[in-house]
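So this is what it looks like as structure tokens:
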């Protein structure tokens with residue numbers, strides 16, 4: 008296989024594949040594949056109607072599960088053999104990273120008993136859009152209270168959908184949020200992960216026109232007295248799923264329900280049945296926050312090692 012760095016020019020093809028396969032998993036998002044090349048040095052190969060991906064983390068090579076561009080995965084065994092051959096040629100372990108339960112079962116069926124490691128920190132939280140938009144019933148009463156608290160304290164707030172005219176407002180929030188994070192940690196510098204995330208967000212905004220055209224990139228901004236205080240950035244992952252890539256709120260507004268208001272206002276604008284709010288990365292605070300919105304399901308994820316010999 009011939010590999011190349013995953014590029015913005017790949018957006019249209021990756022999105023076609025995502026729609027044909029009706030993906031729910033955020034790691035198969037066209038936008039994420041492109042944006043996170045900066046963090047994982049990810050590569051792409053397109054061969055005989057199949058898309059192959061690999062990335063690098065912690066000194067190891069990880070392969071994504073292969074997918075047919077048109078959604079016809081009947082020849083999956085041949086595609087998997089191509090990856091095994093590539094791993095042998097590269098003299099590396101054949102590790103399939105961040106794959107779902109169905110993909111794990113395919114590997115077990117075709118290759119006996121591979122080494123399987125559960126990766127709960129990578130599981131995607133999937134929500135019904137109507138629940139996040141309407142916050143119905145008793146179980147969402149706390150979230151409704153948070154929304155009402157914000158509206159009561161900031162009755163002049165306004166919500167805008169993300170577009171070419173307000174992209175700079177996102178970076179204003181991001182820069183302030185980054186400074187707050189440094190102050191909370193009691194350090195003058197910021198972690199490499201936060202700096203990388205800032206660069207990824209800027210790249211998303213710099214490429215907004217392309218991502219909007221091919222991947223349905225959207226998002227929202229909350230303003231209080233014309234100052235941006237919260238934002239989210241999303242894209243259309245597949246026909247039924249919107250993927251929320253980033254959601255941030257300045258701390259002084261977060262305590263008054265800022266996250267609840269950006270979440271709720273943006274959900275009201277969506278037409279997809281589901282929202283993927285991505286993984287919790289094993290962070291307890293994130294896990295609790297994501298569970299507090301009562302996900303419809305949490306997608307199990309795994310890392311699976313096949314023997315290449």
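Residue numbers (this note's numbering): 8 to 316. Backbone N, C-alpha and C define an ideal beta-carbon position, used for all residues, glycine too. Predicted, not measured: the structure shown is a model, and the values here were computed from it.
Inset, instruction - Return helix, strand or coil for residue 48, following the three-state DSSP convention. - result: coil
Legend entry - C-alpha distance - residue 295 paired with residue 55, whole-angstrom precision: 43 Å
Legend entry - Unbroken alpha helix (DSSP H) run spanning residue 38, endpoints: 37-42
Legend entry - Secondary structure of residue 243, DSSP reduced to three states: strand
Legend entry - Alpha-carbon to alpha-carbon, residue 239 and residue 70: 29 Å
Inset, instruction - Go through its chain and collect everything with a Cβ distance to residue 57's Cβ below 6 Å, but skip five positions before and after it. - result: 73, 75, 86
Legend entry - Straight-line gap, residue 171 to residue 216 (C-alpha atoms, nearest Å): 8 Å
Inset, instruction - Give me whichever residues DSSP pairs with residue 235 in a beta bridge. - result: 230
Legend entry - Of the residues 93, 42, 205, the one placed nearest residue 183, counting alpha carbons only: 205
Legend entry - Bridge-paired residues (DSSP) for residue 255: 238
Inset, instruction - Taking only the alpha-carbon atoms, compute the straight-line gap between residue 21 and residue 36 and give it to the nearest angstrom. - result: Note on geometry: alpha-carbon atoms of residue 21 and residue 36 lie some 8 Å from one another.
Legend entry - Entirely enclosed alpha helix (DSSP H) segments - the region 51-122, minimum 4 residues: For the alpha helix (DSSP H) assignment, the uninterrupted runs of no fewer than 4 residues enclosed by the region 51-122 are, from N- to C-terminal side, 83-97, 108-118.
Inset, instruction - Starting from the Cα of residue 80, find the closest Cα among 111, 27, 210 and give me that residue. - result: 27
Inset, instruction - Report the partner residues of residue 250 according to the DSSP bridge assignment. - result: 242, 283
Inset, instruction - Might you give, ordered along the chain, the residues of its own chain that have their beta carbon closer than 8 Å to the beta carbon of residue 279, omitting 5 neighbours on each side? - result: Result list for residue 279: 136, 243, 246, 247, 248, 249, in chain order.
Inset, instruction - Assess, as a yes-or-no matter, whether the region 100-114 is touched by the region 255-264 under the definition of 3 or more beta carbon pairs within less than 8 Å. - result: no
Legend entry - Through-space distance from residue 220 to residue 61, alpha-carbon basis: 25 Å
Legend entry - Beta-carbon gap between residue 39 and residue 131 smaller than 8 Å: Result no, Cβ atoms of residue 39 and residue 131 do not sit closer than 8 Å.
Inset, instruction - Assess, as a yes-or-no matter, whether the region 221-234 is touched by the region 270-279 under the definition of 3 or more beta carbon pairs within less than 8 Å. - result: yes
Inset, instruction - Measure the alpha-carbon distance for residue 127 versus residue 309 and round it to whole angstroms. - result: 8 Å
Inset, instruction - Mark residue 284 as exposed unless 16 or more other C-beta atoms lie within 10 angstroms of its C-beta, in which case mark it buried. - result: Buried: at least 16 other Cβ atoms inside 10 Å.
Legend entry - C-alpha gap between residue 315 and residue 287, whole angstroms: 32 Å
Legend entry - Opposing strand residues paired with residue 12 [DSSP bridges]: 50
Inset, instruction - Confirm, please, whether the CB-CB distance from residue 108 to residue 307 is below 8 Å. - result: yes
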